[in-house]
Amino acid sequence: MKKIIDSFRQVGIILAFLLSTTIMFAQQKVIGVVKSAHNEPLIGVNVVVKGSTQGTVTDLEGHYSIDVPDSKSILEFTYIGFVSQQVTVGDKSTIDITLIEDSKALEEVVVVGYGTVKKSDLTGAVSSIKSEELQKLPMTSLDQGIQGRAAGVQVTNTSGAPGGQVSIRVRGGNSLSSSNEPLYVIDGFPVGAGAMAEGNQNGAIANNGMVTINPNDIESIEILKDASSAAIYGSRGANGVVLITTKRGKTGKTKVTYDGYFGVQNIANKMEMMNGEEFATMSNIAAENGGVAPIYGGANEKWKEPSYYRNNSTDWQDLIFRTALMHNHQISLSGGSENNQYAVTGNFFDQDGIVINSDLKRASLRANIDSKISNWINVQTSLTASRTFSNVAFSEGDGAQGGGVINGALAIPSTMYVYNEDGTFSTMNQTPYGVTTGNPYALAELAKDKSTINRVIANVNIKFNLNKLTDGLALEIRGGTDYSNAFRDSYLPSTVFQGESDNGIATKGWNRRSVYLNENLLTYQKKFGIHSINAVAGLTIQYDEEIKGKTIVSGFVNDVLEDNSMGSASTTKGTPTSSRWSSQMASWLGRINYNYADRYLLTLTGRADGSSKFGVNNKWGFFPSAALAWRVTEEAFMEEADWLSNLKLRASYGLTGNQGFGSYSSVASLSQYSYNLGGDKATGFAPNKIPNSNLKWETTSNLDLGIDFGFINNRLNFNVDYYYKKTKDLLWNVSIPLSSGFGSIFSNHGTLRNWGIEASVSYDLITSNKPGAFTWNTILMYSMNRNKVLSMPDVTPGRPDGYLSGHLRVEGSWLEENYPVGIWKYYVYDGVFENQEMMDATIINTNGETVAKHPKALTTDGLGSPKFKDLNQDGKIDREDWAVIGDPNPDFIFSWTNNFTYKNFDLSIFINGSIGNDIMNLGRGEYAMVSPFASQRRDMLDYWTPANTQTDIPAPRLAPHAYLPLSSYMIEDGSYVRLKNIVLGYRFPIRKHIESLRLYVSAQNLFTITGYSGFDPEVNSKGQNNRQLGVDYNAYPTSKVFTMGVNIAF
């Protein structure tokens, strides 16, 4: 019996061995590596045998190993954000896979205020810009990267100087006197523009505060445009919200990357001015028309015959403009374990300006650390520190009065010379007709205007997972600060015209701003069958403080110490100033996102803001919104519509606010005054402003209707939105009876409307899952906005901002009900008096009176003088003949982006434009007035003479600005189409120890199609002032930039 049992045991062992051998030989091992199209290993890719639970994930190097049952097995590779792939194993033991990014995936996560949401679940109007798009464009500040990449968003570079201001309008401007710039939120922390030091006495524009943020740190930018998305920011959301998410670490080995580029900049467009001979000839004709002896070639030997200057002209633009260099270097380290991830970046950026002695340097450090303390506690910390230096050109100011470098270079005639006979800079050039102007080259070389900005943004977010209390519940406690200080030092030496009479002028300005924020949020996310809820509720507290001051002194013994010895000055120009302000805000907020069966979406949002800025009777404001969306393609009746990948209808309505006004606007204040007391000067204080206890925020109601289409498996996508916004309770200084003791009161007064249509289309014209195949993606965006002042009770129509230029006597825009903001209303230019018959012509007007058909214009007369339209035909040219002569608001703006890839090459072409906007070119009132008062543009050579009567350019005259009053002569069409950016890159095949390597070249502002005669049609010399759009007084010009760069990862 025992032998039988032993025999069976032996047989069993043999059978078990044979069975295991059979199974072993039936299994097949497959190994490989999974990479992206950029040859970067993908970590955590799911590799599954289709139809089974057998699977694995890729490791830190992108490698995988898996056993499959047989050669007929199909491996499925899936990874979030990438197109899935399936491969039949066959007889292969090694299968390497390249996954292609799915840029149209509806499951893409979009950042919204206080949370994230799947793109497919969005109910509001949100534009998203990813880091790949931003890194294609060399930028000084991150807001420049938004231009043309978000429908409904207008970005204007108001100055081409390094670090110059950028103005952003999200669906038009909503305010007449408060800020119209959007709210910036970095990693959940609302930030301001940062501290900006007080400017110098010459009015040079300060740097853009966002220049302190390194654009290469950005992972994504989301722009919240409607009330559904922006109402969560309450009284700060009316102008839209820009959410900035910085790059964070990911689990894996330490990844080291270097990004750098070198660039060359040149002025994109020079002004063509008269040369010396042409200017001298024109000046002599002006003298003849003025009844005085010619200057050039006359009694004064200083001024030669016009022919002398044929080869002896000074090109002042060549002297102040230069070929400028720029370079950027960034090293990043990122990686981490399952419980701790980090991303650390150091950056240095250096840009010379195209105006000599102007530049900007920025050094920054960013550290983002994510830690999993336990299963229920996660901590996120973010720290950004930067230091920015800049040398600012005196590029603003009235050039003909010795102001800015650029205006001066255009104003000073080419018959003038840079140096005196002894080789020193000429400090006061006396022009032939007694007009004194400064030497712009000396100003650019010798004057100093330096600024330094230090900024630290730090925040921490502690998240407690409260799943033990209830599934899906979490508590977040956030704290942070935005601290910045800025210093500005400027000096005008006695060796330049602007500082000569004062024996040097020194200015020191400083500014310190601190923002402290605490946010406490409860979040809840739960799915109940076909119902899904995502909710947030919270309390936030914020404190802002700013302290600043400025001192200007003059009268130095010499210029050796410049502004470093303020105490040695003999005179204080004006009164030294210093100030401090603070504001506090507390808020309750809440939002519920409800999803029914992935078809019907509802979002309800509300925020209550209490602010110390508001009047005592209006301390709190409530800003609600509601949004609905219907994903039509998820309905059963759409199952047969295979041609339609996505159809979603959206509607939202809500309120947002604007509290972009001073901290103490609602309270009374005192000012210091001097008065005579018994023959002695005494000083006292008296009220200078009446309080307004009812002052409150401006409120914008916002209706948005949107539709999203997707075709051909979402290769073709359309997004169209219609919006209607009405802003009420506009803040304005309203006139009150003088019996009150004051002339006006700052109050809520008036209504403004914006409505528009924005559309975008994205189409993958050619696509392929095959690595190296040719692909082509095109994106077209269109935005149209119309605004109108609906009501301004008790406000007399007029020009509230006075003169744009003192010596030109040019006033600003016109404000009146039922007209757009920023229009100009002046005389209508009608050419020149070509002949005597035209001057003598008469008509009989509607009153039966015989009047001049072409009345003489103001102080001018004679053939060749300017002619203006007598609109009411009363035989006079006066204010009754004013008409709307220009509108700075464009009919529409657009952009067109094309992205191509082939094998290892990538090419991106970006075109943008603005159509239908007008520009007030103040330069035409100075350099196109056909007068020797200042240098003249070369296209003015077609001026009227007895032999050249068929022209609309006046005859040369001696009289300066009274000769050519403000009119449509200064208004030009500012439409343009610009090849904004071209980038060509090449990715090298992966090499040992090098994860990825890409070289690229780019060209920026390559060419512009426009009829505008100034430096650049994308301009606004008045910065971010919503009432003074489209003004050009020869602001710092745009550069044409060529760069070469490298991206390398180890």
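15 is the number of the first residue of the sequence shown in this note's numbering; add one for each residue after it. Backbone N, C-alpha and C define an ideal beta-carbon position, used for all residues, glycine too.
Quick one: grab the DSSP three-state call for W595. As a working note, residue 595 is residue 581 in the sequence shown. Reduced to three states, the DSSP call for W595 is strand.
Suppose you measure from the CA of F788 to the CA of N1061; what does that come to, to the nearest Å? Locating residue 788 in the sequence shown gives position 774, where the first residue counts as 1. Locating residue 1061 in the sequence shown gives position 1047, where the first residue counts as 1. Their Cα atoms are separated by approximately 22 Å.
State yes or no: is the beta carbon of P204 nearer than 8 Å to at least one beta carbon in chain C? Judged by its chain identifiers, the structure shown contains no chain C, having just a single protein chain.
S827: which of K133, F636, M984 and L535 sits nearest, CA to CA? What you label residue 827 is simply residue 813 of the sequence shown in a count that begins at 1. Closest by alpha carbon: M984.
Who are the Cβ neighbours of T860 in its own chain at under 8 Å, not counting the five residues just before and after it? As a first step, residue 860 must be located in the sequence shown, where it is residue number 846. Hits under 8 Å: Q887.
In three-state DSSP terms, what is P807? As a working mapping, residue 807 is identified with position 793 in the sequence shown. In this structure, P807 counts as coil in the three-state DSSP scheme.
Nearest to E894 (by Cα), restricted to the options M934, N903, S1053 and K883: Here residue 894 refers to the residue found at position 880 of the sequence shown. Of the candidates M934, N903, S1053 and K883, the one whose C-alpha sits nearest the C-alpha of E894 is K883.
Quick check: the region 571-581 against the region 532-540, are there 3 or more CB pairs under 8 Å? Contact fails: fewer than three Cβ-Cβ distances are below 8 Å.
Taking C-alpha atoms, which residue in Q512, T438, L487 and A500 lies nearest to G418? Within the sequence shown, the letter at position 404 stands for residue 418. The candidate whose alpha carbon is nearest that of G418 is Q512.
Taking A643 as the reference, give the member of P979, T92, V184 and Y610 with the closest Cα. Translated into positions along the sequence shown, residue 643 becomes position 629. Ranked by Cα distance from A643, the options P979, T92, V184 and Y610 are led by Y610.
Could you give the distance in angstroms between the alpha-carbon of Q158 and the alpha-carbon of V1033? Within the sequence shown, numbered from 1, the residue matching residue 158 stands at position 144. Within the sequence shown, numbered from 1, the residue matching residue 1033 stands at position 1019. Q158 and V1033 have their C-alpha atoms spaced approximately 14 Å apart.
With 16 as the cutoff for other CB atoms within 10 Å, does D920 come out buried or exposed? What you label residue 920 is simply residue 906 of the sequence shown in a count that begins at 1. D920 comes out buried.
Could you spell out where the beta strand (DSSP E) holding D854 opens and where it closes? Taking the first residue of the sequence shown as position 1, residue 854 is located at position 840. If you look at D854, you'll find it isn't in any beta strand (DSSP E); it sits in the alpha helix (DSSP H) that goes Q850 to D854.
From G999 to A51, what distance separates their C-alpha atoms? To locate residue 999, count along the sequence shown from 1; it is residue 985. To locate residue 51, count along the sequence shown from 1; it is residue 37. Between the alpha carbons of G999 and A51 lies a gap of roughly 14 Å.
Assuming G349 and G266 are in contact, meaning their beta carbons sit under 8 Å apart, how far apart are those beta carbons, in whole angstroms? If you number the sequence shown from 1, residue 349 lands on position 335. If you number the sequence shown from 1, residue 266 lands on position 252. Sure, about 5 Å apart at Cβ, within 8 Å.
Using DSSP with H/G/I as helix, E/B as strand and the rest coil, what is F906? Locating residue 906 in the sequence shown gives position 892, where the first residue counts as 1. If DSSP states are grouped into helix, strand and coil, F906 belongs with the strands.
Taking its Cβ as the centre, do 16 or more other Cβ atoms sit within 10 Å of T36, making it buried, or is it exposed? As a first step, residue 36 is located in the sequence shown; it is residue number 22 there, counting from the start. Low confidence applies here, because T36 scores a pLDDT of 38, under 50, leaving its location unreliable and the question unanswered by this model.
Beta-bridge partners of W634, as assigned by DSSP: Stepping through the sequence shown from its first residue, residue 634 is reached at position 620. Looking at the DSSP assignment, W634 forms a beta bridge with G624.
Backbone CA spacing between L151 and T137 [nearest angstrom]: Within the sequence shown, numbered from 1, the residue matching residue 151 stands at position 137. Within the sequence shown, numbered from 1, the residue matching residue 137 stands at position 123. Cα-Cα distance, rounded: 31 Å.
Would you tell me roughly how many angstroms separate the C-alpha atoms of M599 and S626, rounded to the nearest one? In the sequence shown, the residue the question calls residue 599 occupies position 585. In the sequence shown, the residue the question calls residue 626 occupies position 612. Cα to Cα, M599 sits roughly 6 Å from S626.
When the Cα atoms are used, what is the spatial distance from S181 to A866? In the sequence shown, counting from the first residue as 1, residue 181 sits at position 167. In the sequence shown, counting from the first residue as 1, residue 866 sits at position 852. Going by the C-alpha atoms only, they are around 46 Å apart.
Provide the residue span of the alpha helix (DSSP H) that contains M296, from first to last. As a first step, residue 296 must be located in the sequence shown, where it is residue number 282. Run containing M296: G290 to N303, per the alpha helix (DSSP H) assignment.
Can at least three beta-carbon pairs, one atom from the region 703-713 and one from the region 644-660, be found at a separation below 8 Å? Counting Cβ pairs under 8 Å, fewer than three are found: no touch.
Helix, strand or coil at S688 according to DSSP, with G and I counted as helix: Residue mapping note: residue 688 aligns to position 674 of the sequence shown, counting from 1. In the structure shown, S688 adopts extended strand secondary structure according to DSSP, grouped into three states.
Could you tell me the alpha carbon to alpha carbon distance between Y530 and G178, rounded to whole angstroms? Counting from one through the sequence shown, the residue named residue 530 turns up at place 516. Counting from one through the sequence shown, the residue named residue 178 turns up at place 164. Distance between the alpha carbons of Y530 and G178 is about 27 Å.
Within 10 angstroms of its Cβ, does K1006 collect 16 or more other Cβ (buried), or is it exposed? Counted from its first residue, the sequence shown places residue 1006 at position 992. Result: exposed.
Meets three-Cβ-pair contact criterion under 8 Å: the region 791-798 and the region 828-846: No: the two stretches stay apart, fewer than three of their Cβ pairs being nearer than 8 Å.
I need the straight-line Cα distance from I771 to L374, nearest angstrom please. Residue mapping note: residue 771 aligns to position 757 of the sequence shown, counting from 1. Residue mapping note: residue 374 aligns to position 360 of the sequence shown, counting from 1. One C-alpha to the other measures close to 38 Å.
Based on the DSSP secondary-structure assignment, which residues constitute the bridge partners of K890? Residue mapping note: residue 890 aligns to position 876 of the sequence shown, counting from 1. Paired residues: none, contrary to the question.
Of the choices P638, L460 and V1015, whose alpha-carbon is the least far from that of S508? Taking the sequence shown and counting its residues from 1, one reaches residue 508 at position 494. Distances from the alpha-carbon of S508 to those of P638, L460 and V1015 put L460 closest.
Limits of the beta strand (DSSP E) - the one that G845 falls within: Position 831 of the sequence shown, counted from the first residue, corresponds to residue 845. That run of the beta strand (DSSP E) goes Y843 to V846.
Which whole-angstrom value is the C-beta distance of V59 and V44, which I expect to be below 8 Å? On the sequence shown, position 45 is the one that residue 59 refers to. On the sequence shown, position 30 is the one that residue 44 refers to. With 8 Å as the limit, V59 and V44 do not qualify as a contact, their Cβ atoms being about 14 Å apart.
In three-state terms, what does DSSP make of E352? Working through the sequence shown from its first residue, we reach residue 352 at position 338. DSSP places E352 in coil when its eight states are reduced to three.
3-residue-minimum beta strand (DSSP E) runs that sit fully inside the region 358-403, ordered along the chain: As summarised for the region 358-403, the continuous beta strand (DSSP E) elements at least 3 residues long and confined to that stretch are 373-388, given in chain order.
For M296 and M287, which I take to be in contact (beta-carbon distance under 8 Å), what is that distance rounded to the nearest angstrom? The sequence position of residue 296 within the sequence shown is 282, counting from 1. The sequence position of residue 287 within the sequence shown is 273, counting from 1. With a Cβ gap of about 12 Å, M296 and M287 do not count as contacting.
In angstroms, rounded to a whole number, what distance separates the CA positions of I471 and S1016? The residue given as residue 471 occupies position 457 in the sequence shown. The residue given as residue 1016 occupies position 1002 in the sequence shown. The straight-line gap from Cα to Cα measures roughly 32 Å.
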